[in-house]
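Report on the following structure.
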Amino acid sequence: MRQNIIILFFIVIVCLTSLFVDAKEPPKNLQVGIKNRIPDGICRKRTKNGDSISVHYTGTLFENGKEFDSSIPRGTPFTFTLGGNQVIKGWDQGLHGMCIGEKRKLIIPSDLGYGPRGNPPLIPANAALVFDVELESPSSQKMIIYKDPISGDEFVSDAYPMKVVDDVAFEVDCQLVTIKKGADVDIGANPSAEESEEALEEGSEKVNNVIHAFRLQETSFEKKAYQTYLKRYLKKLAEHVQEKNPEIDVKEWQGKISAFSKKIFDNFKGNI
Numbered sequence: 001m002r003q004n005i006i007i008l009f010f011i012v013i014v015c016l017t018s019l020f021v022d023a024k025e026p027p028k029n030l031q032v033g034i035k036n037r038i039p040d041g042i043c044r045k046r047t048k049n050g051d052s053i054s055v056h057y058t059g060t061l062f063e064n065g066k067e068f069d070s071s072i073p074r075g076t077p078f079t080f081t082l083g084g085n086q087v088i089k090g091w092d093q094g095l096h097g098m099c100i101g102e103k104r105k106l107i108i109p110s111d112l113g114y115g116p117r118g119n120p121p122l123i124p125a126n127a128a129l130v131f132d133v134e135l136e137s138p139s140s141q142k143m144i145i146y147k148d149p150i151s152g153d154e155f156v157s158d159a160y161p162m163k164v165v166d167d168v169a170f171e172v173d174c175q176l177v178t179i180k181k182g183a184d185v186d187i188g189a190n191p192s193a194e195e196s197e198e199a200l201e202e203g204s205e206k207v208n209n210v211i212h213a214f215r216l217q218e219t220s221f222e223k224k225a226y227q228t229y230l231k232r233y234l235k236k237l238a239e240h241v242q243e244k245n246p247e248i249d250v251k252e253w254q255g256k257i258s259a260f261s262k263k264i265f266d267n268f269k270g271n272i
């Protein structure tokens with residue numbers, strides 16, 4: 001009898017130990033698993049920021065595998081602009097470079113998901129998430145990814161390569177081009193091969209090859225004046241946000257703006 005009790009006690013200890021061993025630690029970083037990558041020779045286009053993409057997905061909680069949402073029973077894929085800050089950060093970061101038909105498993109830490117607020121009642125606070133995602137279709141057509149509420153200016157997805165930085169700004173790839181005074185440079189199209197050969201024969205130097213359909217204009221940047229303008233603009237924007245979206249924490253947003261602006265202005269030692 002005593003031997004049976006000892007064996008039973010040992011089994012209980014082993015079971016409890018296995019529970020602790022099997023407990024999963026939530027991820028600290030985004031994990032992207034590619035289930036069936038489409039080879040480059042077959043894939044005609046991979047997703048990038050600014051693309052309007054449609055995906056089917058199933059979302060589960062990392063902790064217990066409980067499903068909280070899926071587009072599959074609805075029969076309609078979910079469509080959004082990649083990099084447009086329309087979905088959780090884990091999606092914006094984890095769905096780059098996909099091809100139609102490709103499937104990915106995203107394991108998303110809480111800070112790239114719904115964070116400390118969660119999304120009650122289905123997603124608790126600080127929950128890590130797992131998404132099985134299949135890309136149905138990307139689109140390269142123009143999409144407005146931001147409209148300035150003060151000026152009405154629109155940023156479209158195909159104008160420049162853009163990405164959202166610090167939740168407060170769009171970062172744009174650009175290039176500084178210096179042209180001699182008086183030069184008339186029309187960059188609405190690439191120069192023909194014939195014109196290029198003539199230029200080389202005359203000893204001219206080709207300094208740019210830009211394909212955006214507008215003319216280069218002389219510009220200047222006066223640091224102090226722009227700081228004053230930005231301060232006034234942000235005040236107007238904060239008033240607009242408080243009026244239209246009182247639930248938004250304007251002070252937190254203003255703090256992010258100030259920190260980001262400092263990084264930008266530190267790059268400019270004087271005027272350009």
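1 is the number of the first residue of the sequence shown in full-length UniProt numbering; add one for each residue after it.
Even glycine gets a Cβ: it sits at the ideal position worked out from N, Cα and C.
With respect to residue 57, residue 130 sits apart: the two C-beta atoms are not nearer than 8 Å. Under the 10 Å beta carbon count, residue 104 is surrounded by 16 or more other beta carbons and is classified as buried. Here residue 41 is exposed. Its C-beta has fewer than 16 other C-beta atoms within 10 Å.
Within the same chain, Cβ atoms closer than 7 Å to the Cβ of residue 29 are found at 109, the five residues on either side in sequence being excluded. Note on the UniProt domain "PPIase FKBP-type" (50–139): whole alpha helix (DSSP H) runs with a minimum of 4 residues are 89–94, in chain order. Boundaries of the alpha helix (DSSP H) around residue 264: 250–265.
The beta carbon of residue 236 sits closer than 6 Å to those of 150, all from its chain and outside the five residues before and after it, given in chain order. Excluding sequence positions up to five before and after residue 77, its CB lies within less than 7 Å of the CB of 54, 55, 56, 71, 136, all in the same chain and listed in chain order.
Only residues of its own chain outside the window of five on either side were considered, and among them 110, 116 have a CB closer than 6 Å to the CB of residue 126, listed in chain order. For residue 224, the closest C-alpha among the options 250, 243, 265 is that of 265.
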